[in-house]
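Its first residue numbered 70, the sequence shown is counted upward by one per residue in this note's numbering. Glycine included, every Cβ here is placed at the ideal spot set by N, Cα and C. Single-structure report; data block below.
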Amino acid sequence: MHLILLLLAGVFVNNYIFSQFLGICPFLGVSKKVETAAGMGVAVIFVIVLACAATYFVYNLILVPLGLEYLYTIAFILVIAALVQFVEMFIKKSSPSLYQALGVYLPLITTNCAVLGCAVTNMQSGYNFIESIVNGIGGAGGFTFAIVLFAGIRERIEFNDIPKAFEGFPLALIGAGLMSVSFLGFSGLIKL
70 MHLILLLLAG VFVNNYIFSQ FLGICPFLGV SKKVETAAGM GVAVIFVIVL ACAATYFVYN
130 LILVPLGLEY LYTIAFILVI AALVQFVEMF IKKSSPSLYQ ALGVYLPLIT TNCAVLGCAV
190 TNMQSGYNFI ESIVNGIGGA GGFTFAIVLF AGIRERIEFN DIPKAFEGFP LALIGAGLMS
250 VSFLGFSGLI KL
């Protein structure tokens, strides 16, 4: 039951985009088309889950025994950067159209603070390996849910009659703010 609550909390209550404001750059940049947003979401799920597993082992098997816990940020960023390079090569080979659509935002997963935030949350919360993976799946699922939902909204309002001052990012920011307020309704539902 604890793992299910951890998973649901990652998707709804502690959503990285709407409640922790992590990962905003790809959220706003890649959310113009649902297909592109879904591709980015899958890439982020893959990277976050692998990063949670890898950083758990790096922290508990290397940094803690050597007394180098204070280097966790640097170590986590190196692990995440290596994983993103792997994902980028895989997507470039398997889906060149998705690779082109993601553009500069794919390498930016390296600096996506949602990935680093998940790894740091696992470490600071003292999660074991399974809890770290479940938290990673929940956080990445919440990121994907948010970006695909937002892309769907942006596609629907793209050709609407909008005042000139609100075209583009102003309307996107207003929509993101309204979605964030709606996710605020989930706060307090799950206590871990």
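Same chain, Cβ closer than 7 angstroms to residue i, five either side skipped, listed in chain order
i    : result
A144 : V127, L132
A209 : V113, I114, I117, V118
P176 : V153, E157
G98  : Y174
Close-in-space but distant-in-sequence residues of the same chain around residue i (CB under 6 angstroms, 5 per side omitted)
i    : result
L74  : I259
F81  : F255
A107 : V217
Neighbourhood of residue i by C-beta distance below 8 angstroms, restricted to the same chain and skipping five residues each side
i    : result
V111 : T213
N191 : C121, T124, Y125, E200, S201, N204, G205
L77  : G207, I259
C187 : Y85, I117, A120, C121, N204, G205, G208, A209
Helix, strand or coil at residue i [DSSP, three-state]
i    : result
Y85  : coil
M70  : coil
L140 : helix
G108 : helix
K102 : coil
G186 : helix
I231 : coil
E236 : coil
K161 : helix
L258 : coil
L77  : helix
G205 : helix
N197 : coil
Per-residue burial, residue i [other beta carbons within 10 Å of its own, 16 or more giving buried]
i    : result
G92  : buried
S256 : exposed
G254 : exposed
V173 : exposed
S100 : buried
M70  : exposed
P95  : buried
R231 : Looking at the sequence provided, one finds Ile at residue 231 rather than Arg. Per the 10 Å Cβ criterion, exposed.
L137 : exposed
T105 : buried
Y196 : buried
L185 : buried
| message | Under 8 angstroms: do the region 156–170 and the region 212–220 share three or more Cβ pairs, one atom per stretch? | response | no
| said: Whether or not the region 80–98 and the region 249–256 are in contact is what I'm after, with contact meaning three or more pairs of Cβ atoms, one per stretch, closer than 8 angstroms; do they touch? | reply: yes
| query | Between the region 223–233 and the region 187–206, do at least 3 Cβ pairs fall closer than 8 angstroms? | reply | no
| said: Does the structure place the region 229–248 close enough to the region 102–121 that three or more beta carbon pairs sit under 8 angstroms? | reply: Taking a cut-off of 8 angstroms for Cβ pairs, the region 102–121 and the region 229–248 do not touch, as fewer than three such pairs fall below it.
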